[in-house]
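> Handing you a structure now.
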Amino acid sequence: VFAQTDPTRAASGGAATLRAAGVDVEAGLLADEARVLNEHWTFAVERGRPFVTWKYAATLDGRSAAADGGSQWITGPEARHDVHARRAEADAIVVGTGTVIGDDPRLTLRDDDGVPLPYDRQPLRVVVGERPIPADARVLDDAAPTLQVSERDPDAVLATLAAREVSHVWLEGGPVVAGAFLRARLVDEVVGYVAPTLLGAGAPALHEPTVTTLAQAYQLDLLDLSRLGADIRLVARPRQGAR
Numbered sequence: 059v060f061a062q063t064d065p066t067r068a069a070s071g072g073a074a075t076l077r078a079a080g081v082d083v084e085a086g087l088l089a090d091e092a093r094v095l096n097e098h099w100t101f102a103v104e105r106g107r108p109f110v111t112w113k114y115a116a117t118l119d120g121r122s123a124a125a126d127g128g129s130q131w132i133t134g135p136e137a138r139h140d141v142h143a144r145r146a147e148a149d150a151i152v153v154g155t156g157t158v159i160g161d162d163p164r165l166t167l168r169d170d171d172g173v174p175l176p177y178d179r180q181p182l183r184v185v186v187g188e189r190p191i192p193a194d195a196r197v198l199d200d201a202a203p204t205l206q207v208s209e210r211d212p213d214a215v216l217a218t219l220a221a222r223e224v225s226h227v228w229l230e231g232g233p234v235v236a237g238a239f240l241r242a243r244l245v246d247e248v249v250g251y252v253a254p255t256l257l258g259a260g261a262p263a264l265h266e267p268t269v270t271t272l273a274q275a276y277q278l279d280l281l282d283l284s285r286l287g288a289d290i291r292l293v294a295r296p297r298q299g300a301r
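According to the numbering used here, the sequence shown is numbered sequentially starting from 59.
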């Protein structure tokens, strides 16, 4: 009895082999549940690239940083805790060199006391871009593995990660990198954290200069809307057949 057919070449065909040998085989038990459980891995095998979740945090007016560059913290502790929980589901966390230079993030999984989890439980930290990473950047510490991909083409970035058997990418931006992935139709899910704050100026959560009219807007289906402390979390996916 099995739930889901294995889509890999190495393992496919096992049920037929067993049936040919006279073994009773029942397929599809809890198939829908299995598909949800294995969604990212199945997607990566079938599509040949990782599933990409773009995460952003912003104010009500769509700002991801203040005019002076400050962005810590836009959202509250409940939202940040949720980010860490969702990061744990990913194989890699992707940011651009601008985020590393501007924010100096750790990009690690940490416990409730802020202590990094063991190295073997950390996702791969991936920095996209040609600019050198500062030698004292926190992404270069020994808390988690780090890879710099000197590519600007999102397809090439995902091909590099697919070769490392990465199934799920957690894309944290910044706005230019997020815009490049969105423009390439390589964002499969959006998780947004929105704080009840107004800045009026500062960096936007997304930079996508090819969208100049409402007709060109990217259309999403909202799957979930939850309150986390004072903040709101939205989960959405690209609408089938839409831009």
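Think of the CB as a built atom: it goes at the ideal place given N, C-alpha and C, for glycine as much as any other residue.
Measure the C-alpha to C-alpha separation of Gln-298 and Pro-163 and round it to an integer number of angstroms.
Within the sequence shown, the letter at position 240 stands for residue 298. Within the sequence shown, the letter at position 105 stands for residue 163. The straight-line gap from Cα to Cα measures roughly 34 Å.
> From Leu-95, Arg-107 and Ala-263, pick the residue whose C-alpha is nearest to that of Leu-244; which is it?
Within the sequence shown, the letter at position 186 stands for residue 244. Comparing Cα positions, the closest option is Arg-107.
> Could you give the DSSP three-state label for Pro-262: helix, strand or coil?
On the sequence shown, residue 262 is found 204 positions in, with the first residue counted as 1. Residue state, collapsed to three classes: strand.
> From Ser-125 to Pro-262, what does the alpha carbon distance come to, in whole angstroms?
Mapped onto the sequence shown, residue 125 falls at position 67. Mapped onto the sequence shown, residue 262 falls at position 204. First, the amino acid is wrong: residue 125 is Ala here, not Ser. Near 10 Å, if we compare the C-alpha coordinates of Pro-262 and Ala-125.
> Assign Arg-285 to one of two classes, buried (16 or more other C-beta atoms within 10 Å of its C-beta) or exposed (fewer than that).
Residue mapping note: residue 285 aligns to position 227 of the sequence shown, counting from 1. Counting Cβ neighbours within 10 Å, Arg-285 comes out exposed, since fewer than 16 surround it.
> Which same chain residues, not among the five before or five after Thr-166, have their C-beta less than 8 Å away from its C-beta?
On the sequence shown, position 108 is the one that residue 166 refers to. The answer, listed in chain order, is Pro-174, Leu-175, Gln-180, Arg-183, Ala-201 and Ala-202.
> When we look at the beta-carbon of Arg-189 and count the other beta-carbons within 10 Å, is it buried (16 or more) or exposed?
Along the sequence shown, one-based indexing puts residue 189 at 131. Exposed is the call here.
> Just to check my reading of the structure: Leu-229 and Val-110 have Cβ atoms closer than 8 Å, yes? What is that Cβ distance to the nearest angstrom?
For the purposes of this step, residue 229 is taken as the residue at position 171 of the sequence shown. For the purposes of this step, residue 110 is taken as the residue at position 52 of the sequence shown. Indeed, because the Cβ distance is near 6 Å, the residues count as touching under 8 Å.
> Please state whether DSSP places Pro-192 in a helix, a strand or coil.
Translated into the one-based positions of the sequence shown, residue 192 becomes position 134. Looking at Pro-192 - three-state DSSP - the assignment turns out to be coil, as it is neither helix nor strand.
> Is the beta carbon of Val-293 closer than 8 Å to that of Val-249?
Here residue 249 refers to the residue found at position 191 when the sequence shown is read from its first residue. Here residue 293 refers to the residue found at position 235 when the sequence shown is read from its first residue. Yes, the Cβ-Cβ distance between Val-249 and Val-293 is below 8 Å.
> Rank Ala-238, Arg-196 and Thr-270 by C-alpha distance to the C-alpha of Ala-216 and give the top, closest one.
Along the sequence shown, one-based indexing puts residue 216 at 158. This sequence places Leu at residue 216; Ala is not what is there. The residue with the shortest Cα to Cα distance from Leu-216 is Ala-238.
> Once the 5 residues before and after Asp-279 are set aside, which same chain residues still bring their CB inside 7 Å of it?
Taking the sequence shown and counting its residues from 1, one reaches residue 279 at position 221. So the list reads Ala-294, Arg-295 and Arg-297, once near-sequence residues are dropped.
> Within its chain, find whatever has a CB closer than 7 Å to the CB of Trp-99; leave out the 5 residues flanking it on each side and keep chain order.
By 1-based counting over the sequence shown, the position of residue 99 is 41. Correct list, in chain order: Ser-225.
> If you check the beta carbons only, do Ile-132 and Ala-143 fall under 8 Å apart?
Taking the sequence shown and counting its residues from 1, one reaches residue 132 at position 74. Taking the sequence shown and counting its residues from 1, one reaches residue 143 at position 85. It is not a contact, given that the beta carbons lie outside the stated cut-off.
> Quick one: measure Cβ to Cβ for Gly-127 and Gly-154, integer angstroms, because I've assumed they're closer than 8 Å.
In the sequence shown, residue 127 corresponds to position 69, counting from 1. In the sequence shown, residue 154 corresponds to position 96, counting from 1. That belief does not hold up - the Cβ atoms of Gly-127 and Gly-154 are roughly 15 Å apart, past 8 Å.
> Would you tell me roughly how many angstroms separate the C-alpha atoms of Ala-195 and Asp-149, rounded to the nearest one?
Position 137 of the sequence shown, counted from the first residue, corresponds to residue 195. Position 91 of the sequence shown, counted from the first residue, corresponds to residue 149. Their backbone Cα atoms lie some 21 Å apart in a straight line.
> Please state the DSSP three-state secondary structure of Leu-240.
Here residue 240 is taken as the residue at index 182 of the sequence shown, counted from 1. Note: Leu-240 maps to helix in three-state DSSP.
> What is the DSSP secondary structure of Thr-271, reduced to helix, strand or coil?
The residue labelled residue 271 in the question sits at position 213 within the sequence shown. Looking at Thr-271 - three-state DSSP - the assignment turns out to be coil, as it is neither helix nor strand.
> Put Asp-199 into one of helix, strand or coil per three-state DSSP.
Here residue 199 is taken as the residue at index 141 of the sequence shown, counted from 1. Residue state, collapsed to three classes: coil.
> Assign Glu-247 to one of three DSSP states: helix, strand, or coil.
Within the sequence shown, the letter at position 189 stands for residue 247. Of the three classes helix, strand and coil, the one that applies to Glu-247 here is strand, per DSSP.
> Rounded to the nearest angstrom, how far is the Cβ of Pro-254 from that of Leu-118, given a contact under 8 Å?
Residue mapping note: residue 254 aligns to position 196 of the sequence shown, counting from 1. Residue mapping note: residue 118 aligns to position 60 of the sequence shown, counting from 1. The Cβ separation is near 6 Å, so the contact holds.
> CB-CB under 7 Å to Pro-192, same chain, minus the five flanking residues each way: which ones, in chain order?
Translated into the one-based positions of the sequence shown, residue 192 becomes position 134. Taken in chain order, the residues that qualify are Ile-159.
> Pick from Gly-232, Leu-198 and His-139: whose alpha carbon is nearest that of Gly-172?
As a position in the sequence shown, residue 172 is number 114, starting the count at 1. Selected option, being the one with the closest Cα: His-139.
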